[in-house]
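A quick write-up on the structure given underneath.
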Amino acid sequence: MTYETIQTATDGAVTIITLNRPKALNALSSAVLDELIEAFAAYQADDSQRCAVLTGSGDKAFAAGADIKEMAEKSAAEFYAADFFSKWTSHLVEATRKPWIAAVNGFALGGGCELAMMADFIVASENARFGQPEIKLGVAPGMGGSQRLTRAIGKAKAMEMCLTGRMMDAGEAERSGLVARVVPHDELMNSALKTAKTVAGMPPLAAMVNKEMVDAAYETTLSQGVLHERRLFQILTATEDKAEGMAAFIEKRDGVWKGR
Ligand code: CO8
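FYI, the numbering for the sequence shown is 1 to 260, going by our numbering.
As structure tokens, this is what we get:
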């Protein structure tokens, strides 16, 4: 598949998706969204692919936000009629049940920060900068930033960032719980790929279930979440991969996963 605004590649069982508008700091236009939807659907549908990494091209940005030039002329009626921004959540978050990692290589601002937060976790280069500067444009986050940022780093910092538009550097993002790990800039893709290959080497149904369980913690009460976890755990015990995983442990060998 050939794309105009993104690139895709595979490395074994890992799909690499690269936002590819470096001159516009990988701003997220409608064309980018349409292509990302296709790329993520292809990843989800391909049984040979077990983890994905999303990153930005160029040295400067993961994505500097939704495309301001595209949005500047749109009316409120157009935003509302199109339910603008809704497809990000429905396709990249809800429909993508397999794991994916954001490898943030530079600016992740506005929609760029929101897109990174849709990933299962973020690996950041030392150059990464996160922010929700929409207030400076007279607007506010629209792709989940006010909710996911607050859940990730707490009200005080999220409120400060949304109200001032200030950027958070990679070190602060790691200390605050926004990113899983910070690595030297030149090692970002190697490091993200290594992690993705570790995830891709896991039993695929168990990977999906683990993702679903952790995501449930965002949505529900503790007792409901613990019950949901226990039921999913019990269902997983019926898989061939569970029998294989436990046999492999006892026989001191690596498991061979079937995804069923
Ligand atoms: N949209 C479109 N183009 C962009 C964007 C963007 N979000 N960000 C950067 N660009 C373009 C610039 O216009 C410039 O293009 P050109 O060369 O044609 O002038 C090119 O990328 C390089 O950018 P800069 O020259 O600005 O590079 P600097 O190194 O000087 O600055 C910054 C880098 C600080 C990242 C700066 O580009 C910046 O502040 N960008 C915008 C960040 C931002 O505000 N993001 C939030 C966008 S809004 C959003 O995501 C949620 C929805 C908001 C709705 C708004 C409705 C009107």
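Built from N, CA and C at the ideal position, the CB exists for glycine as well.
Residues of its chain near residue i, where Cβ-Cβ distance is below 6 Å and the 5 sequence neighbours each way are ignored
{"i": "Q147", "result": "none"}
{"i": "A170", "result": "A124, E126, A128, V182"}
{"i": "M143", "result": "F85, W88, G111, E114"}
{"i": "Y80", "result": "none"}
Residue range of the unbroken beta strand (DSSP E) whose run includes residue i
{"i": "T8", "result": "6-11"}
{"i": "T2", "result": "Neither: T2 is in no beta strand (DSSP E) and is coded neither H nor E."}
{"i": "L54", "result": "51-56"}
{"i": "A24", "result": "Neither: A24 is in no beta strand (DSSP E) and is coded neither H nor E."}
{"i": "T18", "result": "14-19"}
{"i": "A63", "result": "61-63"}
Nearest-angstrom Cβ-Cβ length linking residue i and residue j, presumed shorter than 8 Å
{"i": "I122", "j": "C162", "result": "The Cβ separation is near 18 Å, so there is no contact."}
{"i": "K60", "j": "F107", "result": "7 Å"}
{"i": "M167", "j": "G131", "result": "4 Å"}
{"i": "A200", "j": "V14", "result": "5 Å"}
{"i": "G291", "j": "L28", "result": "Nothing about residue 291 can be reported from this structure: the residues present for the chain run from 1 to 260 only."}
{"i": "M1", "j": "E38", "result": "7 Å"}
{"i": "L36", "j": "L92", "result": "7 Å"}
Element boundaries [alpha helix (DSSP H), containing residue i]
{"i": "A207", "result": "204-219"}
{"i": "A196", "result": "188-200"}
{"i": "L227", "result": "222-236"}
{"i": "V32", "result": "30-45"}
{"i": "F249", "result": "240-250"}
{"i": "F85", "result": "Careful: F85 lies outside any alpha helix (DSSP H) and carries neither H nor E."}
{"i": "E70", "result": "68-71"}
Rounded separation between residue i and residue j - CA only
{"i": "G12", "j": "Q49", "result": "8 Å"}
{"i": "H228", "j": "Q234", "result": "10 Å"}
{"i": "E240", "j": "K258", "result": "7 Å"}
{"i": "M117", "j": "A247", "result": "37 Å"}
{"i": "G138", "j": "L33", "result": "23 Å"}
{"i": "E4", "j": "E78", "result": "25 Å"}
{"i": "A64", "j": "R21", "result": "10 Å"}
{"i": "S125", "j": "D186", "result": "8 Å"}
{"i": "A140", "j": "E244", "result": "49 Å"}
{"i": "D254", "j": "L25", "result": "43 Å"}
{"i": "S261", "j": "L222", "result": "With the chain covering only 1 through 260, there is no way to say anything about residue 261."}
{"i": "V209", "j": "A9", "result": "25 Å"}
{"i": "E172", "j": "T220", "result": "28 Å"}
{"i": "E251", "j": "M202", "result": "18 Å"}
{"i": "A66", "j": "V256", "result": "42 Å"}
{"i": "V214", "j": "T195", "result": "18 Å"}
{"i": "K155", "j": "A82", "result": "30 Å"}
{"i": "Q7", "j": "V53", "result": "12 Å"}
Residues near residue i in its chain [Cβ-Cβ closer than 8 Å; skip 5 each side]
{"i": "A95", "result": "F40, A41, Q44"}
{"i": "T55", "result": "I16, I17, T18, L19, F62, A102, A103, V104, N105, L188, M189, A192"}
{"i": "L205", "result": "L236, T239, D241, G259, R260"}
{"i": "E212", "result": "R97, L232"}
{"i": "D46", "result": "T15"}
{"i": "P184", "result": "S125, E126"}
{"i": "R151", "result": "Y218"}
{"i": "I68", "result": "A27, L137"}
Same chain only: Cβ atoms within 7 Å of residue i, ignoring 5 sequence neighbours per side
{"i": "I153", "result": "S176, G177, L178"}
{"i": "P133", "result": "L109, G110, G165"}
{"i": "S75", "result": "none"}
{"i": "G225", "result": "A216, A217"}
{"i": "F249", "result": "none"}
{"i": "P99", "result": "C51, D120, V199, A207, K211"}
{"i": "S30", "result": "E70"}
Which runs of the beta strand (DSSP E) at least 3 residues long sit entirely within the stretch 99-184? Give them in chain order.
100-104, 107-109, 121-125, 129-131, 181-183
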